[in-house]
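Visitor:
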Amino acid sequence: MSTPLLRTLPEWQALARHWRALRGSTLKQLFDAYPQRGARLTAEGAGLYLDYSKNLVTGETIRLLAELARARGVFARRDAMFHGDRINATEKRAVLHVALRAPRTECILVDGKDVVPEVHAVLDRMAAFSDKVRSGEWLGHSGKPMRNVISIGIGGSDLGPVMAYEALKHFSRRDMTFRFVSNVDPTDLAEATRDLDAGETLFIVCSKTFTTLETLTNARAARDWSVQQLGGDETVVARHFVAVSTNAAEVEKFGIDTANMFGFWDWVGGRYSMDSAIGLSTMLAIGPESFREMLAGFHAMDEHFRNAPAEHNLPLLMGLLAVWYNNFFGAQTVAVLPYAQYLKRFPAYLQQLTMESNGKHVTLDGERVDCATGPIYWGEPGTNGQHSFYQLIHQGTRLIPCDCIGFMHPLDPLGHQHDLLMANLIAQTEALAFGKTADQVRAEGTPDWLVPHRVCDGNRPTNTILADQLTPRTLGTLVALYEHSVFTQGAIWNIDSFDQWGVELGKQLARKVVPELQTPGTPKLDHDDSTNTLIRRYRAAQGSIQ
Ligand code: G6Q
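Under this note's numbering, the first residue of the sequence shown carries the number 3, and numbering increases by one thereafter.
In structure tokens:
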């Protein structure tokens, strides 16, 4: 029996009625009506504090949203995920990134087999390898220790490692260089290698399938570079290349000994893989112990998501609030604003996590959805964003809910700068919520004609997420917070948050055009006129005969 469409549910209709009654209220009125809401509409878990009081909600909204989650089977679906059921229906796969951070003592069965020992066996191999590289015991072809690590991968095999490296730079080996190559644009690899000694450079080729065009092309080019720089001998590959993949046969075909391969499993989605062996560069940078702390942070949030009651459950609340704005207020985007420069790649990472997961147009039953699904996530660190796009959030015509992320203690204390940073975060949430009225503007002596331009309406909702400090553990909890928020949203919309058929299409498309750019002579082109013209124009620029 197929699941009813969302808008037909009585719980949905109750929310729609509630929204109609609430939509005229301002945040000022909501705070006046319930002065303690700043302390009450908050939740804490796994070391994170969420203040959701500056949202256009009341306690009743949260109760109704939790009812919707119950009616939609979000909790049963969550339990099915943790249980190893094949909830990725279109690919018939379990979704078990939570197993990647399960303690050794746990047992999680996939097809009757406990996967936890395998997870820890890979982690132990990664740790042994990392220790060898970090201590200088692992020597390259010319007998030198590795000082440079270049991780080659794309999408889910790149965004997590880049983000984690940047986020945890404070904890990384400063005497080693870490770089990431993803784009098939030759510039990416050229820039990453141009000033490095190949004799001290280790490549990690990260690809779940080991068939991805960009990654395999870059890996071949990197292999040529190493071989050429180190005397033309193919045996360099054994000392300078390791692979992270689920596809041992393709790794071997590439020429990497499977003894130098770190595996993972089809139940880890690319965008959920930064805590698998795909995170080898992270472990090399911060060391095995800190990597395990990061895993412990992920696990703490997993446990919170699994056990905390709905009204106190951070990822559930954030997911439900995202649904609330997306579907009732018609908000098309969510801004993520980390007040931490180390998190500069966090919004880019979240873009894949959220938009690849919930950018879907049919339900699990293959029916068209009856309401909007995944919002667009975007953002930049504060305070930088305050000097550019915040203008549109404050005074534009769109409603853009924001997640502001801040830390109690800086990693790099410098005078009182951290206070200034946090003062900005707090002040922005206040300004977004309460704005500036015409009376306030006038009281500042503003001439009448200028008043409307300076008025800020307020009512711009924010979540404030606070943690003690940006440690490996905190990063794990933050990522898991968003993973489970995405899960919650997808479960409400009854979509498959774990497939990516649009991305697969993109992987196939270029394969047809590549030979049309390269074949000598005049290839027969059967695309639309625009595509044919672009291909001919490119060929002409290469000096090809038309
Ligand atoms: C992630 C996506 C996608 C994938 C890349 C790389 O969820 O499926 O971003 O990670 O296309 O794929 P490979 O790891 O197989 O090279």
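Glycine included, C-beta positions come from ideal geometry on N, C-alpha and C.
(1) Return the CA-CA distance between ALA435 and VAL457, expressed in angstroms with no decimal places.
(2) Using only alpha-carbon positions, find the residue among PHE300, ARG65, PRO105 and ARG25 that is nearest to GLU485.
(3) Rounded to a whole number of angstroms, what is the C-alpha to C-alpha distance between GLY157 and GLY447?
(4) Could you check whether the region 27–47 touches the region 272–289, counting it as contact only if at least three pairs of C-beta atoms, one from each stretch, sit closer than 8 Å?
(5) Give the DSSP-derived three-state secondary structure of LEU438 in the structure shown.
(6) Taking 8 Å as the cut-off, does the region 506–525 touch the region 377–384 (at least 3 CB pairs, one atom from each stretch)?
(7) Using DSSP with H/G/I as helix, E/B as strand and the rest coil, what is LEU477?
(8) Distance check for TYR344 and ALA194, CA to CA, integer angstroms please.
(9) Given that a residue counts as buried once 16 or more other Cβ atoms are within 10 Å of its Cβ, and exposed if not, what is HIS516?
(10) Got a sec, what are the start and stop residues for the beta strand (DSSP E) TYR379 sits in?
(11) Please report the straight-line C-alpha distance between THR385 and GLY40, rounded to a whole angstrom.
(12) Classify LYS56 as buried or exposed, calling it buried when 16 or more other Cβ atoms lie within 10 Å of its own Cβ.
(13) Of all the options ASP53, SER153 and LEU67, which has the alpha carbon lying nearest to the alpha carbon of ALA18?
(14) Can you check whether the CB of CYS404 is closer than 9 Å to the CB of ALA337?
(15) My output table needs one value for GLU46: the three-state DSSP class, helix, strand or coil.
(16) Does any heavy atom of the ligand SAM sit closer than 8 Å to the C-beta of ARG273?
(17) Of the residues THR464, GLY408, TRP269 and LEU527, which one's Cα is nearest the Cα of LEU58?
(18) At a cut-off of 8 Å, would you count ILE156 as near the ligand G6Q, judging by its Cβ distance to the nearest heavy atom?
(19) Does DSSP put ILE428 in a helix, a strand or coil?
(20) Give the range of the beta strand (DSSP E) segment to which LEU554 is assigned.
(21) Looking only at its chain, what residues have a beta carbon closer than 6 Å to the beta carbon of LEU322, apart from the 5 residues adjacent to it on each side?
(22) With ASP367 and THR5 assumed to form a contact (beta carbons below 8 Å), what rounded beta-carbon distance in angstroms separates them?
(23) If you draw a straight line from the alpha carbon of LEU352 to that of PRO522, how long is it in whole angstroms?
(24) Go to ALA123, then tell me how far its beta strand (DSSP E) extends in each direction, as first and last residue.
(25) PHE409 by DSSP, collapsed to three states: which one?
(26) Taking the alpha-carbon positions, what's the ALA48 to PRO105 distance?
(27) Exposed or buried, what is HIS420 when buried is set at 16 or more other beta-carbons lying within 10 Å of its beta-carbon?
(28) When the Cα atoms are used, what is the spatial distance from ARG294 to ASN262?
(29) Count the other C-beta atoms from every protein chain shown that fall within 10 angstroms of the C-beta of LEU519, then say buried if there are 16 or more, exposed otherwise.
(30) If you drop the 5 nearest sequence neighbours on each side, which residues of the same chain put their C-beta closer than 8 Å to that of ARG478?
(31) Between LYS94 and THR439, what straight-line distance do the alpha-carbon atoms span, to the nearest angstrom?
(32) With DSSP run on the structure shown, which of helix, strand or coil describes GLN548?
(33) Is the separation between the beta-carbon of ILE467 and that of LEU483 shorter than 9 Å?
(34) Could you check where the alpha helix (DSSP H) with SER153 kicks off and where it finishes?
(35) Secondary structure at THR203, three-state DSSP: helix, strand or coil?
(36) Hey, how far is the Cα of LEU2 from the Cα of VAL246?
Guide: Quick look at the numbers:
(1) 13 Å
(2) It is PHE300.
(3) Put simply, the backbone Cα of GLY157 is about 53 Å away from that of GLY447.
(4) no
(5) Note that residue 438 is Lys in the sequence shown, not Leu. Three-state result, LYS438: strand.
(6) no
(7) helix
(8) 21 Å
(9) The residue you asked about is not His; residue 516 is Val in the sequence shown. That one is exposed.
(10) First-last of the beta strand (DSSP E) with TYR379: 378–380.
(11) 23 Å
(12) Around the Cβ of LYS56, a 10 Å sphere holds 16 or more other Cβ atoms; the residue is buried.
(13) LEU67
(14) yes
(15) strand
(16) What this structure holds is the ligand G6Q, not the ligand SAM.
(17) THR464
(18) ILE156 has its Cβ nearer than 8 Å to a heavy atom of the ligand G6Q.
(19) Here ILE428 carries a helix assignment [DSSP, helix/strand/coil].
(20) Only positions 3 to 548 of the chain appear in this structure, which leaves residue 554 out of reach.
(21) LEU67
(22) 6 Å
(23) 43 Å
(24) Premise fails: ALA123 lies in the alpha helix (DSSP H), 118–137, not in any beta strand (DSSP E).
(25) strand
(26) 16 Å
(27) Buried, since its Cβ has 16 or more Cβ neighbours within 10 Å.
(28) Whole-angstrom Cα-Cα distance: 21 Å.
(29) exposed
(30) Residue identity differs from the one stated: residue 478 is Gly in this sequence, not Arg. These residues qualify, in order along the chain: ARG103, ASP277, GLU295, MET296, LEU297, ALA298, GLY299, PHE300, HIS301, ALA302 and MET303.
(31) 55 Å
(32) Reliability fails at GLN548, whose pLDDT of 47 lies under 50, so the model's placement of it is uncertain and no value is given.
(33) yes
(34) Looking at the DSSP string, SER153 is not in any alpha helix (DSSP H); the run it does join, the beta strand (DSSP E), is 150–154.
(35) strand
(36) Nothing in the structure corresponds to residue 2, since the chain is present only between 3 and 548.
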